[in-house]
Each structure stands twice: as C-alpha cells, then as structure tokens.
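In the working numbering, the protein residues as written are -9 to 181.
A virtual CB, placed ideally from N, CA and C, is assigned to each residue, including glycine.
Fair warning: this is a prediction, and the values are worked out from it, not measured in the lab.
Note sheet for the following structure.
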C-alpha cells in the first residue's frame, strides 16, 4: 500500500494567505470578524481544490469545534498566539475583540487573476452572512461533509479525504498527491 503524503506544512504560503485575507478585508471595508475571515479563507482553499485540483495557500485543514479551518493561517490570525515576526503580522492585526484589520496594503502580486476572482466570488456569496451562520454551515454535513466533531480537540482533514468527498476520481487524487510531492521536492531544493 502506498503511503499517503501530506506536505502542506512545507508548502504553506503565508504571503498568499496574507494577501487573500487583505483582499477580503478590503472588500469588506478594511476589517472583518476574525471567525468570518477564517471561514472565507477556508472556503477559498476548498473551492480552489475542487475547481483546479490545487490549493491557493497550501494550508493544513482541520476540523475544530467551530468548523473547518485553515490551521496555519488561524495560528497567525489569532490574537493571543500570533508569531511576532511574520508577513501576516506586518500587514494584519487581530484585536482583542476578534476583528482583523489591515495595517497597510500588502497588494495582491502573489495571487493569480483566477485566485483573486475566486476570492471575490466567495466573498460576495457570503458577504451578508454572520460568523455564526458560517459556523453553522460548517456543521451541516450536506454543505461541509469533511467536518468531523473533534470534541474539544481538532482532527486533521487530509487533502485526499477532501478530494474524495468532492467526488474526485482516484486518478485525480493520485495526480494531486504526485503534484504535491513534486512541489515539496522543488521547495526543498530552494531552501
């Protein structure tokens, strides 16, 4: 049996995550509820995987009590545990009342036109929803079948599992994993 790989940690793109979040904040007038921003970033990542068989930010996906999240981005965005020196920290701030604000414009030069359009589409689709509505959608198995109740912990969602739930063929899943492995190898060469 072939071992399933998961190189998302080494491929995570903090610059793209920051630019995506910044774009969402800009579309929303400069700030956004923390939970809503994380849910929209997850929706963008999931839809990119569904449409293009390629993540945008290559984040680790997890089921948490409040629904699905992009884990490494969540760590950067949380008010209490933000890494002091990060691209995210330079451009975005989460306040103690759980609102993310843009400190300054970080641009969108790392994002493709398709990724920008997808972010705008996801934002428009969810613009009027509250964080609580988005959280409830993440607990609805018809809308978010990948979510598993983790109790007070968290459960990792593997890309292969998500792809299967998105009705991708085994061939597509294998190609996705091969692409991830190749990208991880290329990334390792540049370090």
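Integer Cβ distance of residue i from residue j, believed to fall under 8 Å
| i | j | result |
| --- | --- | --- |
| residue 128 | residue 134 | 5 Å |
| residue 37 | residue 112 | 6 Å |
| residue 165 | residue 78 | The pair is not a contact, with the Cβ atoms about 31 Å apart (cut-off 8 Å). |
| residue 93 | residue 30 | Contact doesn't hold; Cβ gap of about 19 Å is too wide. |
| residue 155 | residue 162 | That belief does not hold up - the Cβ atoms of residue 155 and residue 162 are roughly 13 Å apart, past 8 Å. |
Boundaries of the alpha helix (DSSP H) in which residue i is found, first to last residue
| i | result |
| --- | --- |
| residue 123 | 121 to 128 |
| residue 61 | 61 to 67 |
| residue 21 | Premise fails: residue 21 lies in the beta strand (DSSP E), 21 to 23, not in any alpha helix (DSSP H). |
| residue 163 | 160 to 179 |
| residue 185 | Summary: the structure shown does not reach residue 185, with the chain confined to residues -9 through 181, and so no result is reported for it. |
| residue 204 | The shown model of the chain, from -9 to 181, leaves out residue 204, and the question about it has no answer. |
Residue nearest to residue i in terms of C-alpha spacing, selected from the options
| i | options | result |
| --- | --- | --- |
| residue 139 | 24, 173, 125 | 125 |
| residue 68 | 57, 82, 58 | 82 |
| residue 56 | 149, 178, 130 | 130 |
| residue 50 | 66, 44, 62, 42 | 62 |
| residue 158 | 41, 0, 18 | 41 |
| residue 123 | 23, 172, 101 | 23 |
| residue 173 | 45, 32, 15 | 45 |
| residue 58 | 143, 162, 17 | 143 |
| residue 66 | 28, 118, 17 | 28 |
| residue 16 | 175, 95, 43 | 95 |
| residue 60 | 175, 146, 169, 170 | 146 |
| residue 170 | 39, 76, 75 | 39 |
Whether residue i touches residue j by CB criterion (7 Å)
| i | j | result |
| --- | --- | --- |
| residue 13 | residue 98 | yes |
| residue 34 | residue 7 | no |
| residue 10 | residue 109 | yes |
| residue 21 | residue 137 | no |
| residue 177 | residue 0 | yes |
Residue span of the beta strand (DSSP E) that contains residue i, given as start and end
| i | result |
| --- | --- |
| residue 146 | 145 to 147 |
| residue 53 | 51 to 54 |
| residue 95 | Unbroken run through residue 95: none, as it is neither H nor E. |
| residue 83 | 82 to 84 |
Note down, one range per segment and in chain order, each alpha helix (DSSP H) of at least 4 residues found wholly within the segment 21 to 48. Fully enclosed alpha helix (DSSP H) runs of 4 or longer: 24 to 42.
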